[in-house]
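Below is one structure, written out as structure tokens, with a few remarks after it.
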Amino acid sequence: MQQLTQKLGSGDMIIQDVPYPQLGKGMVIVKNHYSIISSGTEGSTVVAARKSLIGKAKERPQQVKQVIDTLKKQGPVQTYRAVMKKLDAYSPLGYSCAGEVVEVGEGVTEFEIGDKVACAGAGYANHAEIVSVPVNLCVKLENDANLKDAAYNTLGAISMQGVRQADLRLGESCVVIGLGLLGQLAALILKASGVTVIGIDVSEAAVNQAVENKVVDLGLTRNAAGVEEQILNATKGHGADAVIIAAATSSLDPINFAGAIARKKGKVVVLGAVPTGFDRDPYWYRKELELKMACSYGPGRYDLNYEEKGIDYPLPYVRWTEKRNMEAFQSLMATKRIDIGYLTTHEFEFDNAKDAFDLVVSKSEPFTGIALRYDTSKGISKAKIATSDTTKLGKVNISFIGAGSYAQGNLLPNIPESAEVGRVGVLTNTGTTSKRVAEKFKFQFCATEETDVLDDKTNTVFVATRHDSHGPYVLKSLQASKNVFVEKPLCLLETELEQIIEAQATNKKAVMVGFNRRFSPLTKKLKKAVGNNPMTMIYRVNAGAIPKDTWIQDAEIGGGRILGEACHFIDYLTYLNGSLPTKITASALPDANQLNDTLNILIQFENGSSGVVGYYANGSKAMTKEYVEVFSAGMSATLSDFKELKIYGKGKPKKKKILNQNKGQKEMVEAFVHGLLKDGQAPIPFEEIVAVTKASFKVLESIKRGGEQVDV
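Last residue of the sequence shown: 712 (full-length UniProt numbering), numbering continuous.
Written out as structure tokens, the structure is:
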């Protein structure tokens, strides 16, 4: 299938063949008929991409700061990889479209193949022939729906949410500042609600368009003579009951102008991208104005449970969600209470999408809505897409399932360049990522189906997906008689672990988990120094807080930070002392969200060693993240953030300091591949992987049992 993509680094925009999207649980596959270009949001993205690196940096000072922080902590190599991953990626464009359902996923009951639908969501409702969309970002249409108008779905819902935030009644008045797409849609919805609408814009053409199409009761340019007095007269001397700012500007004029024209105790709703640093006097303070923000499409936006899992909010308690806003917008069009046909000033064939964006950037002629039309007569192929001319295979032939930021920065670059190592296929959730990774790292193809990367060519699978799919993919790989490397954790469920143990015993294939820290060069020196004596160990992790609504914290998807990250440190202590964990005692700091991400874990090992993992989310980022202390047979050692090792024994302490942090990712990948080449074995014994995984589960059990000691 074809999709419009852009590189952030060069600004290059192309329509290219990418793999057919994956159909996940609770999702539908839609064949697009139309998609709409958002000249505001997408236009600014395209303009930024076409700027120089210095221009990009000026527009994104916060991201520049992140780059500097990464450089300080991880060094130039990792920083360069992270930056280039962003700049070289094929970024999808588009977030509002309409078409027909061609496939429905597991658990989907409200849609059927052939249904006409309108879709929303960045990363979902793309400018592409085929899109995969979660059910709560998709609404069913009437069979005779105008799909071009319906494709304004996202923009309509955004405008609808702005109107809802204004909370106006029949007969009240509203000024809409900014008569672009969002402003005109908001004005249409307000008019349909019986509200008197006054439209303001810096562009005379935008004002004339709104007036000529009877979208507003009064239209004025911002610099019109006596504009404030005219608004005051139109509202019978009171001022507007509400002001909706639908403009996009860095100027403070819209927010201060809103204060001037709103009535006392009126509301100002920010719908567009404008600064809110208003002047306190003379209007905002004296009028006691209320400032409200409109969050995108409405309640449910940015909520993983709502958007990805399809868990709806009960209507009696949340009357208007983002999906219900979309449905209400579509209903207004279906019942002819609003007519948005005039908004589409330009229509382009999808093949000419670049010309459409050139118009947006150059502003060579006036435009409002720009629609992309798709050739729906074309057949869509699910075939894998070749990305390399070579068909060469070696002794170890690798395919990737999942290839996000971590894989691109730490796994893929470290696969040895060797005639004995073949690079076969790449499969990810998004076709754009699959295509770019396969091209950049010289894999033979990017894939659409799991079977493409589990075929006879591949004998080794790297799994770098979200945590909830680790267990199933490891199991499928073993059952297909493949060696498998999986990023931590091995799995999220104890039942999955038992199935993996059984499959590994049956198929005798290598299983490796990405416990990279044991491969760090400083770790090797530390282990050699402490020897094989029983020891006591402390691993302090200044993990830092991450929001509760992040996927990692979600028990079903990420498994939480104990299974998702603390397993690293249990493995590290297991490696250092050279024996398996036998008993676990864990105690977490109470927190309202029960995240269990600030805790102490006491581990006892077979050889009598003991260790403590202190995993803390409540500390300062200014402190180093990881710090290890080891005590054994008259010797002590400290390891700070995998940059500095100190060993204390007889005589003067021995110190080893390296310039850049090295957590062992390169050494880990090389050790895995070389192990397969040598004897088909992984460098971490499978029994250690199983024991560490079981110990991680037991940490959760101990916490649930109030800190009781539990056997591994």
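Backbone N, C-alpha and C fix where the C-beta goes; we use that ideal spot for every residue, glycine too.
Model, not experiment: these values are computed from the prediction.
Reference residue i; option with closest CA among the options
| i | options | result |
| --- | --- | --- |
| D12 | D571, L639 and S91 | S91 |
| F642 | T495, P314, S520 and T458 | S520 |
| E417 | V211, N397, G341 and A407 | N397 |
| A503 | N483, K488 and L522 | N483 |
| E606 | N618, I584 and I189 | I584 |
| T79 | P472, Y406 and V463 | Y406 |
| T448 | I601, V463 and T432 | T432 |
| D281 | P275, F257 and A273 | F257 |
Proximity below 7 Å, CB of residue i to CB of residue j
| i | j | result |
| --- | --- | --- |
| G178 | A240 | no |
| S39 | V270 | no |
| residue 713 | T345 | This structure leaves residue 713 out entirely; the chain is present only between 1 and 712. |
| K625 | N542 | yes |
| L492 | V513 | no |
| E308 | P547 | no |
| G121 | Y95 | yes |
| V461 | S388 | no |
| L220 | V227 | yes |
| S609 | N577 | yes |
| I570 | A403 | no |
| F445 | A386 | yes |
| R466 | I557 | yes |
| V207 | C174 | no |
| A98 | A150 | yes |
| L93 | Q230 | no |
| L599 | A588 | yes |
Chain B within 7 Å of residue i, Cβ atoms only
| i | result |
| --- | --- |
| S38 | Absence of chain B from the displayed structure is noted, only one protein chain being present. |
Cβ-based burial, residue i [other Cβ within 10 Å; buried from 16]
| i | result |
| --- | --- |
| D452 | buried |
| N223 | exposed |
| M623 | exposed |
| T335 | exposed |
| P299 | buried |
| K508 | exposed |
| Y302 | exposed |
| G664 | buried |
| E172 | buried |
| R337 | exposed |
| I113 | exposed |
| L315 | exposed |
| E42 | buried |
| D201 | buried |
Three-state class that DSSP yields for residue i in the structure shown
| i | result |
| --- | --- |
| L372 | strand |
| L266 | Per the sequence shown, residue 266 should be read as Gly rather than Leu. Of the three classes helix, strand and coil, the one that applies to G266 here is strand, per DSSP. |
| I217 | Just to set this straight, residue 217 is Asp in the shown sequence, not Ile. Reduced to three states, the DSSP call for D217 is coil. |
| L595 | coil |
| F257 | helix |
| S159 | helix |
| E629 | strand |
| R169 | coil |
| Q16 | strand |
| Y616 | strand |
| D88 | helix |
| K7 | strand |
| I29 | strand |
| Y285 | helix |
| C567 | helix |
| D201 | strand |
Residue i to residue j span [Cα, whole Å]
| i | j | result |
| --- | --- | --- |
| M535 | I684 | 21 Å |
| S579 | L639 | 20 Å |
| A566 | V530 | 23 Å |
| A142 | I36 | First, the amino acid is wrong: residue 142 is Glu here, not Ala. Spanning the two alpha carbons is a distance of roughly 20 Å. |
| G310 | K657 | 50 Å |
| A671 | W320 | 54 Å |
| Q479 | E365 | 59 Å |
| K287 | T428 | 54 Å |
| Y124 | E100 | 15 Å |
| R540 | I380 | 53 Å |
| K488 | F515 | 7 Å |
| G162 | G259 | 17 Å |
| residue 730 | V243 | Within the shown structure, residues of the chain are numbered from 1 to 712, placing residue 730 beyond reach of any answer. |
| Q661 | T574 | 22 Å |
| G394 | A510 | 17 Å |
| G180 | G341 | 15 Å |
Any non-hydrogen atom of the ligand MG within 6 Å of residue i CB
| i | result |
| --- | --- |
| K287 | Annotation note on the ligand MG: not contained in the displayed structure, which lists no ligands. |
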